[in-house]
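One structure is given below, encoded as structure tokens.
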Amino acid sequence: MSTTSLAQTEVDAGEPLVSMRRVSKYFGSFRALHGIDLDVHAGERIVVCGPSGSGKSTLIRCINMIEPINEGEVVVEGVTMGANKSASEIVRRDIGMVFQQFNLFPHMTVLANCMLAPMKVRGVARAEAEATAMTYLERVRIADQANKFPAQLSGGQQQRVAIARALCMSPKLMLFDEPTSALDPEMVKEVLDTMIWLASEGMTMICVTHEMGFAEAVAHRVIFMADGEIVEHAPPQEFFGNPQHARTKAFLAQIL
Amino acid sequence: MVRIFGLDDFILLLVGLQWTVLIAAVAFVGGAVGGLAIALCRVSPKRLLRLPAKYLIEIFQGTPLLMQLFLVYFGIGILGINVNPWVAISVAYTCHASAFLGEIWRGCIQAVPTGQSEAAFALSLSYRHRMRYIVLPQALRISLPATIGFLVQLIKGTSLASIVGFTELMRSGQYITNATYQPMIVYGVVGLMYFALCWPLSFWSTRMEHRMAAASR
Ligand SMILES: Nc1ncnc2c1ncn2[C@@H]1O[C@H](COP(=O)(O)OP(=O)(O)OP(=O)(O)O)[C@@H](O)[C@H]1O
Ligand SMILES: [Mg+2]
Numbered sequence: 005m006s007t008t009s010l011a012q013t014e015v016d017a018g019e020p021l022v023s024m025r026r027v028s029k030y031f032g033s034f035r036a037l038h039g040i041d042l043d044v045h046a047g048e049r050i051v052v053c054g055p056s057g058s059g060k061s062t063l064i065r066c067i068n069m070i071e072p073i074n075e076g077e078v079v080v081e082g083v084t085m086g087a088n089k090s091a092s093e094i095v096r097r098d099i100g101m102v103f104q105q106f107n108l109f110p111h112m113t114v115l116a117n118c119m120l121a122p123m124k125v126r127g128v129a130r131a132e133a134e135a136t137a138m139t140y141l142e143r144v145r146i147a148d149q150a151n152k153f154p155a156q157l158s159g160g161q162q163q164r165v166a167i168a169r170a171l172c173m174s175p176k177l178m179l180f181d182e183p184t185s186a187l188d189p190e191m192v193k194e195v196l197d198t199m200i201w202l203a204s205e206g207m208t209m210i211c212v213t214h215e216m217g218f219a220e221a222v223a224h225r226v227i228f229m230a231d232g233e234i235v236e237h238a239p240p241q242e243f244f245g246n247p248q249h250a251r252t253k254a255f256l257a258q259i260l
Numbered sequence: 002m003v004r005i006f007g008l009d010d011f012i013l014l015l016v017g018l019q020w021t022v023l024i025a026a027v028a029f030v031g032g033a034v035g036g037l038a039i040a041l042c043r044v045s046p047k048r049l050l051r052l053p054a055k056y057l058i059e060i061f062q063g064t065p066l067l068m069q070l071f072l073v074y075f076g077i078g079i080l081g082i083n084v085n086p087w088v089a090i091s092v093a094y095t096c097h098a099s100a101f102l103g104e105i106w107r108g109c110i111q112a113v114p115t116g117q118s119e120a121a122f123a124l125s126l127s128y129r130h131r132m133r134y135i136v137l138p139q140a141l142r143i144s145l146p147a148t149i150g151f152l153v154q155l156i157k158g159t160s161l162a163s164i165v166g167f168t169e170l171m172r173s174g175q176y177i178t179n180a181t182y183q184p185m186i187v188y189g190v191v192g193l194m195y196f197a198l199c200w201p202l203s204f205w206s207t208r209m210e211h212r213m214a215a216a217s218r
């Protein structure tokens, strides 16, 4: 899996796939997001970083409506999320998400984890859902574990299953919330490799991660957040080579 | 004439035991249906469902079972409906079990980690599908020890039906005591019968609890 091929993957120049416009989010009186503006085009890969509590998770959770927003709007595939319930539900099917804690369904086998949503949400027939699931489990190199339960797998394996499970819904956009933060160091690479493969397939990705090597290799743009705002927003070379804001510099000095 | 406690009396007690088991079984099955409905109302995003379920649980938990029995038993009579005591008692115990199981299961549903519903929501599964395939199966597992524990309470609680005149195990014991004047023997046997019913359940529930505690470590 070489990263040289990534430079060739196309970014669609037309309408953005995701458009966040002046999005604010409050938890009670606490403002977790403040006037976020962000456009993500099909094929683009965005890495989001920032200190703990800066609103990174909240930002991506607002995109697939896990967190309802208080101000502004999130538009995905031209649909304003939350405005029309059934329209946003249909758009939400195209958004996959991978969590820090994997969140596999512990009472189901790996295969069943991957088949449930396609069958129940997309109405795919069982045989087809199983074939698709096995295809993606092979892609993330875990097909031999298909009939095991999540608890029988290592953290890295579980996270790769979680990626496969999301892909089984044929998403147009993948959200990652610190997918490697809960992993033992020796398992980080297998998950990053899977994400790099996904990037090479041209998947649109928004990744909250502090894996700066991954950001440099894969991201079109890196976003630095602090206190619920986007402080810095630049391509990786600029972001790492010549950060503009003091907070970004301090953060990078700390993390690199 | 006073007779000695014998095989006939033992058989009478077994018949009483049969009614005890039957009341408990009907109340448990009915309570499972009602309890599931109440638990689902309690965790519903809709206030209009949440609040009535909450009050219902509070009323049943805040009053003695015997009073609930009287109220339903005589209440049905006052309504002018002529039902046999067996139906009245089944209704009363079912209401009681629904409220308690509803509260037990509400706690278990809420004990399923939020990450599970979030992952299901991120996969676009509907509320119904999230409940049915993700949350409830996990909640059921968590709830088994407490649910069986409640079943034991319920079995013992059926003895109160004797007070409204229903001939279950306890009432059978009273009859036989009146005829034999051997309360120690009769109630000893009655107690053993309750114990034989409840102890294996308690044992099973405790063992399951330990196993789960071990698994979650
Ligand atoms: N459900 C919630 N209720 C109240 N406050 C919340 C909730 N979720 C998040 N917050 C607060 O909002 C802020 C942003 O949280 P968020 O999880 O988005 O941060 P983050 O950048 O992802 O941090 P981390 O690196 O620790 O994951 C934090 O201060 C957090 O305490
Ligand atoms: Mg976070």
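Residue numbers (the numbering used here), protein chains in the order written: chain R, 5 to 260; chain C, 2 to 218. We treat Cβ as the ideally placed atom computed from N, Cα and C, and that holds for glycine.
query: How many Å lie between S33 (chain R) and G57 (chain R) at the Cα?
result: As a position in the first sequence, residue 33 (chain R) is number 29, starting the count at 1. As a position in the first sequence, residue 57 (chain R) is number 53, starting the count at 1. Their backbone Cα atoms lie some 15 Å apart in a straight line.
task: Just grab the DSSP bridge partners of C211 (chain R) for me.
output: Residue 211 (chain R) sits at position 207 when you count from the first residue of the first sequence. DSSP output for C211 (chain R) lists R:V51 and R:F180 as bridge partner(s).
- prompt: So the beta strand (DSSP E) I40 (chain R) belongs to, where does it begin and stop?
  reply: Residue 40 (chain R) sits at position 36 when you count from the first residue of the first sequence. Residue range F34 to V44 is occupied by the beta strand (DSSP E) that includes I40 (chain R).
query: Any heavy atom of ligand 1 within a distance shorter than 7 Å of the CB on A36 (chain R)?
result: The residue labelled residue 36 (chain R) in the question sits at position 32 within the first sequence. Indeed, a heavy atom of ligand 1 lies less than 7 Å from the Cβ.
query: Going along the chain, which residues of the segment 87–100 of chain R sit with their C-beta nearer than 7 Å to a C-beta in chain C?
result: Those residues of the segment 87–100 of chain R that come within reach of chain C (Cβ to Cβ, closer than 7 Å) are E93, R96 and R97.
task: Answer with yes or no whether the minimum CB distance from Y182 (chain C) to chain R is below 8 Å.
output: Residue numbering aside, residue 182 (chain C) sits at position 181 when the second sequence is read from its first letter. No, its Cβ sits nowhere closer than 8 Å to a Cβ of chain R.
- prompt: Is DSSP giving A11 (chain R) helix, strand or coil here?
  reply: Position 7 of the first sequence holds residue 11 (chain R). Note that A11 (chain R) has pLDDT 49, beneath the 50 cutoff, so the model's placement of it is unreliable and no number is given.
message: Just to make sure I have the definition right: I need the residues of chain R whose C-beta is within less than 9 Å of the C-beta of H130 (chain C). Which are they?
response: Start at 1 with the first residue of the second sequence, and residue 130 (chain C) comes out as number 129. Simply L120, A121, K124 and V125.
task: Select from R:F103, R:M216, R:A91 and R:G245 the residue whose C-alpha is nearest the C-alpha of L187 (chain R).
output: Position 183 of the first sequence holds residue 187 (chain R). Per the C-alpha coordinates, the member of R:F103, R:M216, R:A91 and R:G245 positioned closest to L187 (chain R) is R:F103.
message: If we require 4 or more residues per run, which alpha helix (DSSP H) segments fall completely within the segment 60–143 of chain C?
response: Counting only runs of 4 or more, we get 66–79, 86–112 and 115–123.
- prompt: If you compare alpha carbons, which of C:C96, C:P86 and C:K47 is closest to Q69 (chain C)?
  reply: Residue numbering aside, residue 69 (chain C) sits at position 68 when the second sequence is read from its first letter. For the residues C:C96, C:P86 and C:K47, the minimum Cα distance to Q69 (chain C) belongs to C:C96.
query: Looking at T168 (chain C) and D10 (chain C), is the spacing between their C-beta atoms short of 8 Å?
result: Position 9 of the second sequence holds residue 10 (chain C). Position 167 of the second sequence holds residue 168 (chain C). No, the Cβ-Cβ distance between D10 (chain C) and T168 (chain C) is not below 8 Å.
query: For ligand 2, is there a heavy atom less than 7 Å away from the beta-carbon of K124 (chain R)?
result: Mapped onto the first sequence, residue 124 (chain R) falls at position 120. Remark: the shortest separation between the CB of K124 (chain R) and any heavy atom of ligand 2 does not fall under 7 Å.
message: Please report whether the beta-carbon of E119 (chain C) lies at a distance below 8 Å from any beta-carbon of chain R.
response: As a first step, residue 119 (chain C) is located in the second sequence; it is residue number 118 there, counting from the start. At least one beta carbon of chain R lies nearer than 8 Å to the beta carbon of E119 (chain C).
query: With burial defined as no fewer than 16 other Cβ atoms inside 10 Å of the residue's Cβ, what is the status of R4 (chain C): buried or exposed?
result: As a first step, residue 4 (chain C) must be located in the second sequence, where it is residue number 3. Classification for R4 (chain C): exposed.
- prompt: In angstroms, rounded to a whole number, what distance separates the CA positions of M209 (chain C) and L141 (chain R)?
  reply: Indexing the second sequence from 1 puts residue 209 (chain C) at position 208. Indexing the first sequence from 1 puts residue 141 (chain R) at position 137. In this model, M209 (chain C) and L141 (chain R) are separated by some 34 Å (Cα to Cα).
- request: For G78 (chain C), decide whether its Cβ has a neighbour in chain R, counting only Cβ atoms nearer than 8 Å.
  value: Sequence index remark: in the second sequence, residue 78 (chain C) carries index 77 (1-based). Contact with chain R is absent for G78 (chain C), since none of that chain's Cβ atoms lies less than 8 Å from the residue's Cβ.
field: Inter-residue Cα distance where the pair is Q248 (chain R) and E236 (chain R)
entry: Translated into positions along the first sequence, residue 248 (chain R) becomes position 244. Translated into positions along the first sequence, residue 236 (chain R) becomes position 232. So the two alpha carbons sit approximately 7 Å from each other.
query: Grouping DSSP H, G and I as helix and E and B as strand, with all else coil, what is Y188 (chain C)?
result: As a first step, residue 188 (chain C) must be located in the second sequence, where it is residue number 187. Reduced to three states, the DSSP call for Y188 (chain C) is helix.
Whole-angstrom distance between E93 (chain R) and L50 (chain C), CA atom to CA atom: Locating residue 50 (chain C) in the second sequence gives position 49, where the first residue counts as 1. Locating residue 93 (chain R) in the first sequence gives position 89, where the first residue counts as 1. When rounded, the distance between both Cα atoms is 24 Å.
task: Please list the partners that Q139 (chain C) has in chain R, where partner means a Cβ-to-Cβ separation under 9 Å.
output: For the purposes of this step, residue 139 (chain C) is taken as residue 138 along the second sequence, with counting starting at 1. Correct list: F109, P110 and H111.
task: Answer yes or no: does any C-beta atom of chain C fall closer than 8 Å to that of I227 (chain R)?
output: Working through the first sequence from its first residue, we reach residue 227 (chain R) at position 223. No, its Cβ sits nowhere closer than 8 Å to a Cβ of chain C.
query: Where DSSP assigns a beta bridge to V78 (chain R), which residues make up the other side?
result: Against the first sequence, residue 78 (chain R) aligns to sequence position 74. Partner(s): R:M24.
- prompt: Going by Cα to Cα distance, which pick from C:L52, C:L202 and C:V16 is closest to A147 (chain C)?
  reply: Start at 1 with the first residue of the second sequence, and residue 147 (chain C) comes out as number 146. Looking at the Cα atoms, C:L202 is the closest of the given residues.
message: Taking 8 Å as the threshold (beta carbon to beta carbon), is M85 (chain R) in contact with chain C?
response: Looking up residue 85 (chain R) in the first sequence gives position 81. Under the 8 Å criterion on CB atoms, M85 (chain R) is classed as non-interfacial with respect to chain C.
message: Is F31 (chain R) near ligand 1 - that is, is its Cβ less than 7 Å away from at least one heavy atom of it?
response: Walking along the first sequence from the start, residue 31 (chain R) turns up at place 27. True, at least one ligand heavy atom lies under 7 Å from that Cβ.
- request: Please determine if the segment 59–68 of chain R and the segment 105–113 of chain R are in contact, where contact requires at least 3 C-beta pairs separated by less than 8 Å.
  value: They do not touch, by the three-pair rule.
task: Give the secondary structure of F106 (chain R) by DSSP, where H, G and I count as helix, E and B as strand, and everything else as coil.
output: Translated into positions along the first sequence, residue 106 (chain R) becomes position 102. Per DSSP, reduced to three states, the secondary structure at F106 (chain R) is coil, with no helix or strand assignment.
message: Let's see if you can read the secondary structure: which residues bound the alpha helix (DSSP H) around R169 (chain R)?
response: Numbered from its first residue, the first sequence carries residue 169 (chain R) at position 165. That run of the alpha helix (DSSP H) goes G159 to L171.
For I149 (chain C), three-class secondary structure by DSSP: If you number the second sequence from 1, residue 149 (chain C) lands on position 148. Residue state, collapsed to three classes: helix.
message: Any heavy atom of ligand 2 inside 7 Å of the beta-carbon of V102 (chain R)?
response: For this step, residue 102 (chain R) is matched to residue 98 along the first sequence. No, the Cβ of V102 (chain R) stays beyond 7 Å of every heavy atom of ligand 2.
query: Taking 7 Å as the cut-off, does the CB of E182 (chain R) come closer than this to any heavy atom belonging to ligand 2?
result: Sequence index remark: in the first sequence, residue 182 (chain R) carries index 178 (1-based). Yes; taking the cut-off as 7 Å, the Cβ of E182 (chain R) has a heavy atom of ligand 2 nearer than that.
query: Can you find at least 3 beta carbon pairs, one from the segment 145–161 of chain R and one from the segment 156–167 of chain C, that sit closer than 8 Å?
result: Between the segment 145–161 of chain R and the segment 156–167 of chain C there are fewer than three inter-stretch CB-CB distances shorter than 8 Å, so the stretches are not counted as touching.
field: Reference V191 (chain C); option with closest CA among C:I149, C:I156 and C:R131
entry: Residue mapping note: residue 191 (chain C) aligns to position 190 of the second sequence, counting from 1. Across the set C:I149, C:I156 and C:R131, the C-alpha of C:I156 shows the shortest separation from the C-alpha of V191 (chain C).
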